[in-house]
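Chemist:
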Amino acid sequence: MMHAIRYYEHFEDAFLDWLGARGGYERLREQGADLVVKVSGCEHHAPARLGDVLAVESVPARIGSTSITMTFTMRRGEELVAVGTVTYVCVRDGRPSPLPDMLVQSTRLAPGSDRTR
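Residues 27 to 143 in the working numbering are what the sequence shown spells out, letter by letter.
So, in structure tokens, the structure goes:
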């Protein structure tokens, strides 16, 4: 069986792909911003095993002034394996800060991305 922490690794990889399509972490850091996890959760629907080919779709569920909540849907083929949510808060100098336009504007244009691993 795949250990519970591995689900979050898949979610994070999918988030980094999603972020990469919007300029990537480097562009975010150039603006003096960083994203930190405030809340995360995972609802398991079916067990996964190491070696399974899993696809993760990442979609913004909520965009606030300083945070973005992502929903991650993990599937093995057509079978739903897990649904995760992670809320990321934008920080500058250790304090909450408005989300950069690169996230807010591009999210309105292209909300989701898929990753298979």
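Ideal Cβ placement from N, Cα and C applies to all residues, glycine included.
Is aspartate 39 helix, strand or coil when you go by DSSP?
Modeler: Reduced to three states, the DSSP call for aspartate 39 is helix.
Chemist: Please report the straight-line C-alpha distance between histidine 131 and phenylalanine 98, rounded to a whole angstrom.
Modeler: Residue identity differs from the one stated: residue 131 is glutamine in this sequence, not histidine. Rounded to the nearest angstrom, the two C-alpha atoms are 20 Å apart.
Chemist: Following the continuous beta strand (DSSP E) through leucine 61, name the residue where it begins and the one where it ends.
Modeler: Counting along the chain, the beta strand (DSSP E) containing leucine 61 begins and ends at 60 to 70.
Chemist: Restricting to Cα atoms, I'd like to know which of Val107, Val82, Val112, Ser84 is closest to threonine 95.
Modeler: Among Val107, Val82, Val112, Ser84, the Cα nearest to that of threonine 95 is on Val112.
Chemist: Go ahead and pull the three-state DSSP assignment for glycine 77.
Modeler: Correct three-state label for glycine 77: coil.
Chemist: Terminal residues of the continuous beta strand (DSSP E) containing arginine 102?
Modeler: Segment 93 to 102, the beta strand (DSSP E) holding arginine 102.
Chemist: Count the CB pairs spanning the segment 72 to 85 and the segment 40 to 56 that are closer than 8 Å, and state whether there are at least three.
Modeler: The segment 72 to 85 vs the segment 40 to 56: in contact.
Chemist: What is the DSSP secondary structure of leucine 135, reduced to helix, strand or coil?
Modeler: Model confidence at leucine 135 stands at a pLDDT of 45, short of 50, so the residue's coordinates are unreliable and nothing is read from them.
Chemist: Report buried or exposed for leucine 106, applying the criterion of at least 16 other Cβ atoms within 10 angstroms of its Cβ.
Modeler: Exposed is the call here.
Chemist: Determine whether the beta carbon atoms of arginine 102 and aspartate 78 lie at a separation below 7 Å.
Modeler: Contact flag set, yes.
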